[in-house]
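The next block holds one structure in the form of structure tokens; read it before the comments.
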Amino acid sequence: MKNFKIIILAGVVFALISALSYADKAAKIGSQETAVNDISSQEPKLATNDTGKPNIQGQWTQGALLVGKTHPSTRVLLGDRKIHVDSRGQFVFGLGRDADPKQTLKLIYPDGQSSSFEYQVTQRKYDIQYVEGVAQKYVAPPKEVSERITRDNVQIKKARATNRDEDQYSAGFTWPLLGKITGVYGSQRVFNGVPKRPHFGLDIAGPVGEPVYAPAPGIVSLAHDDMYYSGGTLIMDHGQGVSSTFIHLSKVTVKEGDKIERGQKIGEVGATGRATGPHLDWRINWFEQRLDPYLLLPPMPTDMPTEHLAQ
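According to the numbering used here, the stretch in the sequence shown is residues 1348 to 1658, in order.
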């Protein structure tokens, strides 16, 4: 009888282990359909967490996009900067590449009272490359193109300043292209002792003409065939200051004002502008703050054809 009980107990333990293993596999299989920061499935609650701080979804790290929720009439400030709160009480903000290690979030409630909360921001280490003996033309652009560069920058700045009261970013993000990652956020080169601007995007290699798909829904705020640095350039507005930029495109297949669904073709991979080879450079902004797209993504599928991204 004793041995019979042991056998039954062992069977129960085995069944539990099998069930947990199956659940883990099922979660991995479905991981491509839900982005890491898919806010639609991780909607922040109105209440505070166990520490008494507001519930904020996202990583408090440099380059991150974070989302919170409060009463719709509450005013929210990050440091001295006012953050838009939508009609549902949801708000979003980003931490730039060099965000300070301490950030203060202040909530001013409808009754006039306020609370301030301090957060620790993880400081990242970026890849810095020092290169000597570089020709001057690669260190600084020719003077004759300075006006063109200024015009390009004005258009880009205007597109990224868009502040629609929409939350299309909350649908989460998926990969716009599958391929080898050849460049990462935050890296920087120093040519002949002169620091160049850090790289603010995620570079994904691909052949010229390979389709690029929208990683999230939005509206096209800029479509340009040939900018000096970025070549074929497309900016999509995802709402409340969150935008995606796709550069070095060989072809832009949508136009300004178009409403785009996630998975819709928006362009083709190229090597236009100041690119050294065909690839997609994808960037995410919260207004002027440069964010890291990789932090918003699920693992890249290793066995899924690119065309499946459009489904």
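Cβ coordinates follow ideal geometry from the N, Cα and C atoms, glycine included. Keep in mind the model is a prediction, meaning the values are calculated, not measured.
Margin query: Could you give the first and the last residue of the continuous beta strand (DSSP E) run that contains Arg1536?
Written below: 1535 to 1538
Check: Ends of the alpha helix (DSSP H) at Asn1500?
Finding: 1493 to 1507
Notebook entry, point to check: In whole angstroms, what separates the C-alpha of Ser1576 from that of Lys1543?
Noted result: The sequence shown places Tyr at residue 1576, rather than the Ser named in the question. Using only the alpha carbons, I get a separation of about 13 Å.
Check: Counting Cβ pairs, one atom from each stretch, are 3 or more of them under 8 Å apart for the region 1516 to 1534 and the region 1581 to 1591?
Finding: yes
Item checked: Ala1552 - containing beta strand (DSSP E), residue span -> 1549 to 1552
Next item on the list: Mind the definition here: the region 1412 to 1425 touches the region 1446 to 1459 only if three or more C-beta pairs lie below 8 Å; say whether that holds.
Entry: yes
Next item on the list: Within its chain, find whatever has a CB closer than 8 Å to the CB of Asp1445; leave out the 5 residues flanking it on each side and keep chain order.
Entry: Gln1409
Next item on the list: Grab me the residues of Arg1436's own chain with a C-beta within less than 8 Å of its C-beta, minus the 5 sequence neighbours each way, in chain order.
Entry: Residue identity check: residue 1436 is Gly in the sequence provided, not Arg. Once the five neighbours on either side are set aside, the close Cβ partners of Gly1436 are Leu1393, Lys1416, Thr1417, His1418, Pro1419, Thr1421.
Note to self: For Lys1472 and Pro1448, I'd like the C-alpha separation in whole angstroms.
What the structure shows: 13 Å
Item checked: Val1468, DSSP secondary structure in three states -> coil
Next item on the list: Grab me the residues of Asp1474's own chain with a C-beta within less than 6 Å of its C-beta, minus the 5 sequence neighbours each way, in chain order.
Entry: Ser1534
Next item on the list: Kindly indicate the opening and closing residues of the beta strand (DSSP E) around Val1439.
Entry: 1437 to 1441
Notebook entry, point to check: So which of Ser1590, Gly1441, Ala1622 has the shortest CA-CA distance to Asp1573?
Noted result: Ala1622
Notebook entry, point to check: Using the C-alpha atoms, what's the distance from Pro1457 back to Thr1580?
Noted result: 42 Å
Check: Can you give the Cα-Cα distance for Asp1639 and Asp1550, rounded to whole angstroms?
Finding: 11 Å
Next item on the list: Identify the continuous beta strand (DSSP E) that holds Glu1615 and give its terminal residues.
Entry: 1612 to 1615
Item checked: Pro1562 versus Gly1426 - alpha carbon distance -> 30 Å
Next item on the list: In angstroms with no decimal places, state the Cα-to-Cα distance between Thr1592 and Arg1630.
Entry: 5 Å
Checklist line | Three-state secondary structure (DSSP) of Ala1518 | finding: helix
Note to self: Taking the alpha carbon of Leu1627 as the reference point, which residue from Asp1605, Arg1637, Val1599 has its own alpha carbon closest?
What the structure shows: Val1599
Notebook entry, point to check: Curious, which full-length beta strand (DSSP E) runs of at least 3 residues does the region 1402 to 1442 contain?
Noted result: 1412 to 1416, 1422 to 1425, 1428 to 1430, 1437 to 1441
Item checked: C-alpha gap between Phe1293 and Gly1441, whole angstroms -> Missing from the structure shown is residue 1293; the chain here goes from 1348 to 1658 and no further.
Note to self: Rounding to the nearest angstrom, what Cα-Cα distance links Leu1412 and Val1432 in this structure?
What the structure shows: 15 Å
Next item on the list: Compare the Cα-Cα distances from Tyr1477 to each of Val1559, Val1537, Pro1645, Gln1467 and report the closest residue.
Entry: Val1537
Notebook entry, point to check: Taking just the CA atoms, how far does Ile1496 sit from Lys1602?
Noted result: 22 Å
Next item on the list: Using beta-carbon positions only, say whether Trp1407 and Gln1467 come within less than 8 Å of one another.
Entry: yes
Check: In chain order, what residues of the same chain have a beta carbon less than 8 Å from the beta carbon of Asp1371, not counting five sequence neighbours either side?
Finding: Reliability of the predicted coordinates at Asp1371 is poor, the pLDDT of 37 falling under 50, and no value is obtained from them.
Next item on the list: Have a look at Thr1469, Ser1461, Ala1506, Asn1539 and flag the residue whose alpha-carbon is nearest the alpha-carbon of Gly1405.
Entry: Thr1469
Next item on the list: Can you have a look at Gln1460 and say buried or exposed, based on whether 16 or more other CB atoms are within 10 angstroms of its CB?
Entry: exposed
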